[in-house]
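Asker:
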Amino acid sequence: MAFAKISSELTIKSSIELDNLFVLEYMPFAPESYTKVYIYGKFLASGAAESDNSLERISKLLGMPQDSIFDAFKYWEEQGLVKISSDAPLEVEYIPPRHEKPSQKKFSKTKYADFNRVLMSIFPNRDFLPSELNEYYSCMEDYKIDVSGMLAIASDCKRRKGKDISWQYIVTVAKNMAKDGYHTFDEIEDKLKSTEIISGELKVLFKNLKIKRAPDYEDTSLFNKWTLDFGFAPGTIFEVAKNVYGEMRGLDTVLSRYHSEGITELKDIEAQKAEKDALLFLTKELLMKLDVRYSHLDYYADYYVKKWLGMGFSSDSLKTIADYCFKNDKKSCERMNSELELLVKLGAVSDEDISSRFDQMSKSDEKIKEIMSAAKISGAITGRDRDNYNIWFNIWKMSEELVLHAAKLSIGEAYPRNKMASLIKDWHERSITSVEEVNQTDVNNSSAAKPKPWEANSQDAEMTNEEARTLIDSEWNYRRAKADEAYRELLSSNKELYEIEKALRSAVMKLKSEDEISKLVKDRLKLITGLGKDPEKFFPTPHCKICGDTGLVNGAYCECVIRRVKLGKNGKDST
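Residue numbers (the numbering used here): -19 to 555.
1) Whole angstroms are fine: how far does the CA of Y55 sit from the CA of F108?
2) Is it right to say Y279 is buried, meaning 16 or more other beta carbons lie within 10 angstroms of its own, or is it exposed?
3) Give the DSSP-derived three-state secondary structure of Y284 in the structure shown.
4) Give me the Cβ distance between I334 and I301, rounded to the nearest whole Å; I'm assuming they're in contact under 8 angstroms.
5) Whose CA, out of S101, A154, E496 and F518, lies closest to the CA of M120?
6) For a test of your reading of the model: does the CB of K187 fall under 6 angstroms from any non-hydrogen atom of the ligand ZN? Yes or no.
7) How many Å lie between A463 and E481 at the Cα?
8) Short of 6 angstroms in beta carbon distance, which residues of its chain neighbour L41, apart from the five on each side in sequence? Order them along the chain.
9) Within 10 angstroms of the Cβ of R468, are there 16 or more other Cβ atoms? Answer buried if so, exposed if not.
10) Is the distance from the Cβ of A158 to the Cβ of Y117 below 7 angstroms?
11) Taking DSSP's pairing of strands, which residues face K63 in a bridge?
12) Going by DSSP in three states, A132 sits in which element: helix, strand or coil?
13) Leaving out five residues before and five after Q46 in sequence, what residues of the same chain have Cβ atoms less than 6 angstroms from its Cβ?
14) According to the neighbour-count rule (16 or more other Cβ atoms, all chains shown, within 10 Å of its Cβ), is M316 buried or exposed?
15) Which class does V272 belong to by DSSP, given the choice of helix, strand or coil?
16) Buried or exposed, going by whether 16 or more other CB atoms sit within 10 Å of the CB of Y225?
17) Does the pairing of the stretch 64 to 74 with the stretch 175 to 184 give three or more beta-carbon distances under 8 angstroms?
18) By alpha-carbon positions, which one of D144, K171 and A258 ends up nearest to D296?
19) Counting along the chain, where does the alpha helix (DSSP H) carrying C524 start and finish?
20) Contact defined as beta carbons within less than 8 angstroms: I believe I351 pairs with L384. What is the distance between those atoms, to the nearest angstrom?
21) Just to check my reading of the structure: W372 and I412 have Cβ atoms closer than 8 angstroms, yes? What is that Cβ distance to the nearest angstrom?
22) Helix, strand or coil for V224, going by three-state DSSP, please let me know.
23) Which residues does DSSP pair with V533 in a beta bridge?
24) Looking at the unbroken alpha helix (DSSP H) that takes in N445, where does it start and where does it end?
25) Considering Cα atoms alone, identify which of R229, Y197, K190 and F186 is closest to P214.
26) Are the Cβ atoms of Y74 and K22 separated by less than 7 angstroms?
27) I need the DSSP call for F210, collapsed to helix, strand or coil.
28) Under a three-way DSSP split, which group does W376 fall into?
29) Tell me where the alpha helix (DSSP H) around I508 begins and ends.
30) Assign V3 to one of two classes, buried (16 or more other C-beta atoms within 10 Å of its C-beta) or exposed (fewer than that).
31) Taking K475 as the reference, which of V324, L507 and K356 has the closest Cα?
32) If you reduce the DSSP assignment to three classes, tell me which class I125 lands in.
33) Suppose you measure from the CA of W456 to the CA of L389; what does that come to, to the nearest Å?
34) How many whole angstroms separate the CB atoms of F53 and V62, which I take to be in contact at a CB cut-off of 8 angstroms?
35) Decide if D(-1) is buried, meaning its Cβ has at least 16 other Cβ atoms within 10 Å, or exposed.
36) With distance defined between alpha-carbon atoms, name the residue in M228, F103 and L113 nearest to K91.
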């Protein structure tokens, strides 16, 4: 990569040079569209728009077919201003203008005498330059068009476009007809007559497209393609045109897409349009429920909502799930997509399944809020809260009274959630089912002989192995939660890091190669370090390398748990 380059802002403000020789000796004799191609091509050749430097791009920007652009460069090659080094892909090298007028191909003065006389009678008030006549001669010889055929084309163009029609337009029509296989007078005359047959239909079409100009040969060719090649009825074309912008080319894009999808009947087109409108409306509703800002609704419709409907979810179910995601701080399409994928794995896709599941979740959440309130825990309900609730009530069948008692006993703890979970687990393992049994157990324990501090593995130790494991696990979860919070703040303040993180998550979801994912991880760490931040603050590592701060190794308590029991609840050695 070059060590220096010009910024895009400076590129826009810079300019390209057009030699005076080009303006004086070449441009007056060239077709207008060819001049546009030459100038824009020179702009691309200057390196001012490296990413746009392609035949497809110039074709799109200038609104010209690629064949016409190639013809333009062939013309400039004949003039000695460019050199075509490759046809496919097209590669053009610009050459400085020569200090001489462009050479004109020599034609017999007598061969085209009759042509000149008739052409001048068609345009009696026009002064014909030799260069203009040469273009007609070249077109007839290069494209094998009859003299009478060329005159028929010129006369028809004048009738359609008026007496001021340019020779460039006439020659272009002639070339297009020749490319379509019309060369002789009879062939050209029959073709021109056929265009008269559909001229009335083109007038209706132009009215629907709000086109003011008169139809030309290219319009007729497009109409024939739609009706004869694609099989669209004229009435269908008229209806589609009412909702199309971009003149005939815009309509051609729409009809070509319908044809590629095998849709030619108006009823099928209207059905597809209604389906698309409904999809966009639903997408807008879902994004509003998720509080997602958008600029391209089509993207979200095609990339997310269409896929969700394809999973089997109904519109009503998607709205219900979107509401749930918003209330539980999952306000993005990616997070909603994760919820939907989980539901598919669980087999909960139908409206009845979704309604039942979320009604139950709503009721469960109310109970969880009550328990959190009893333990003086503030904040939103987490996934872990819901998992615990399911274990306590649906699996262990603990009573609500007992769970609320555990919540009250956890008030004032550093990690009340963990304390509550530890108490309930202990009671479950000891088959305690009521508050009375808990109180009786506490009385018995208080009257029992105090254990020796170093007897950490006994049931009567000050801290059990399970309590130590729970504490280690909760501390690890707390560190990760704080790191996640810090990382979100950093992401919100650094756009470059946000883009890297977005690309990394996308690569993981799309199962990209390990090399690609590894590179993005390295880029992320490099950027964080460059900001003067310690990556450990955002991506902490467990204190215990053996169990990863889970407290368990192959189902048994890790060494770190045993050490923690000896240290005691205060983190100090109790011996």
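Built from N, CA and C at the ideal position, the CB exists for glycine as well. These numbers come from a predicted model, not from an experiment.
Answerer: With the structure as the only source:
1) Translated into the one-based positions of the sequence shown, residue 108 becomes position 128. Translated into the one-based positions of the sequence shown, residue 55 becomes position 75. One Cα belongs to F108, the other to Y55, and the distance between them is close to 21 angstroms.
2) In the sequence shown, residue 279 corresponds to position 299, counting from 1. Exposed is the call here.
3) Counting from one through the sequence shown, the residue named residue 284 turns up at place 304. Reduced to three states, the DSSP call for Y284 is helix.
4) Within the sequence shown, the letter at position 354 stands for residue 334. Within the sequence shown, the letter at position 321 stands for residue 301. At roughly 7 angstroms, the Cβ-Cβ gap stays under 8 angstroms, so I334 and I301 are in contact.
5) Locating residue 120 in the sequence shown gives position 140, counting from the first residue. Checked all of S101, A154, E496 and F518; the closest Cα to M120 is A154.
6) By its list of ligands, the structure shown contains no ligand whatsoever, and the ligand ZN lies outside what it can speak to.
7) On the sequence shown, position 483 is the one that residue 463 refers to. On the sequence shown, position 501 is the one that residue 481 refers to. Each residue's Cα considered, the two are about 15 angstroms apart.
8) Taking the first residue of the sequence shown as position 1, residue 41 is located at position 61. Leaving aside the five residues that flank L41 on each side, none in its chain has a CB nearer than 6 angstroms to its CB.
9) Taking the first residue of the sequence shown as 1, we reach residue 468 at position 488. For R468, the number of other beta carbons within 10 angstroms of its own is below 16, and it is reported as exposed.
10) Position 178 of the sequence shown holds residue 158. Position 137 of the sequence shown holds residue 117. Taking C-beta atoms as the reference points, A158 and Y117 fail to come closer than 7 angstroms.
11) The residue you call residue 63 lines up with position 83 of the sequence shown. According to DSSP, residue pairing for K63 in a beta bridge involves E73.
12) As a working mapping, residue 132 is identified with position 152 in the sequence shown. Helix, per DSSP.
13) Translated into positions along the sequence shown, residue 46 becomes position 66. Excluding residues within five positions, the ones whose Cβ falls inside 6 angstroms are L35 and S39.
14) What you label residue 316 is simply residue 336 of the sequence shown in a count that begins at 1. M316 is buried by the Cβ-count criterion.
15) In the sequence shown, the residue the question calls residue 272 occupies position 292. Here V272 sits in coil by DSSP.
16) Walking along the sequence shown from the start, residue 225 turns up at place 245. Exposed, by the Cβ-count rule.
17) For the pair of segments examined, the stretch 64 to 74 was found not to touch the stretch 175 to 184: the number of CB pairs separated by less than 8 angstroms stays below three.
18) Taking the first residue of the sequence shown as position 1, residue 296 is located at position 316. For D296, the nearest C-alpha among the options comes from A258.
19) As a first step, residue 524 must be located in the sequence shown, where it is residue number 544. Where C524 is concerned, there is no enclosing alpha helix (DSSP H), given that its DSSP letter is neither H nor E.
20) Locating residue 351 in the sequence shown gives position 371, counting from the first residue. Locating residue 384 in the sequence shown gives position 404, counting from the first residue. At roughly 6 angstroms, the Cβ-Cβ gap stays under 8 angstroms, so I351 and L384 are in contact.
21) Position 392 of the sequence shown, counted from the first residue, corresponds to residue 372. Position 432 of the sequence shown, counted from the first residue, corresponds to residue 412. Actually they do not touch by this definition, with Cβ atoms about 13 angstroms apart.
22) Numbered from 1 along the sequence shown, position 244 holds the residue referred to as residue 224. In the structure shown, V224 falls within a coil segment according to DSSP collapsed to helix, strand and coil.
23) Here the question's residue 533 lines up with position 553 in the sequence shown. According to DSSP, which records beta bridges pairwise, V533 is partnered with A536.
24) Working through the sequence shown from its first residue, we reach residue 445 at position 465. For N445, the uninterrupted alpha helix (DSSP H) run begins and ends at N445 to S473, by DSSP.
25) Here the question's residue 214 lines up with position 234 in the sequence shown. The residue with the shortest Cα to Cα distance from P214 is F186.
26) Numbered from its first residue, the sequence shown carries residue 74 at position 94. Numbered from its first residue, the sequence shown carries residue 22 at position 42. In this structure, K22 lies closer than 7 angstroms to Y74 by Cβ.
27) Here the question's residue 210 lines up with position 230 in the sequence shown. If DSSP states are grouped into helix, strand and coil, F210 belongs with coil.
28) Stepping through the sequence shown from its first residue, residue 376 is reached at position 396. Three-state result, W376: coil.
29) Numbered from its first residue, the sequence shown carries residue 508 at position 528. That run of the alpha helix (DSSP H) goes E494 to G510.
30) In the sequence shown, residue 3 corresponds to position 23, counting from 1. V3 sits exposed, since fewer than 16 C-beta atoms from the chains shown fall within 10 Å of its C-beta.
31) On the sequence shown, residue 475 is found 495 positions in, with the first residue counted as 1. With distances taken between Cα atoms, K475 lies closest to L507.
32) Walking along the sequence shown from the start, residue 125 turns up at place 145. Here I125 sits in coil by DSSP.
33) To locate residue 456, count along the sequence shown from 1; it is residue 476. To locate residue 389, count along the sequence shown from 1; it is residue 409. Roughly 23 angstroms between the two C-alpha positions.
34) Taking the first residue of the sequence shown as position 1, residue 53 is located at position 73. Taking the first residue of the sequence shown as position 1, residue 62 is located at position 82. Cβ atoms of F53 and V62 come within 8 angstroms of each other, at about 6 angstroms.
35) Residue mapping note: residue -1 aligns to position 19 of the sequence shown, counting from 1. Looking at its Cβ environment, which holds fewer than 16 other Cβ atoms inside 10 Å, D(-1) is exposed.
36) Against the sequence shown, residue 91 aligns to sequence position 111. If you compare the alpha carbons of M228, F103 and L113 with that of K91, the shortest gap goes to L113.
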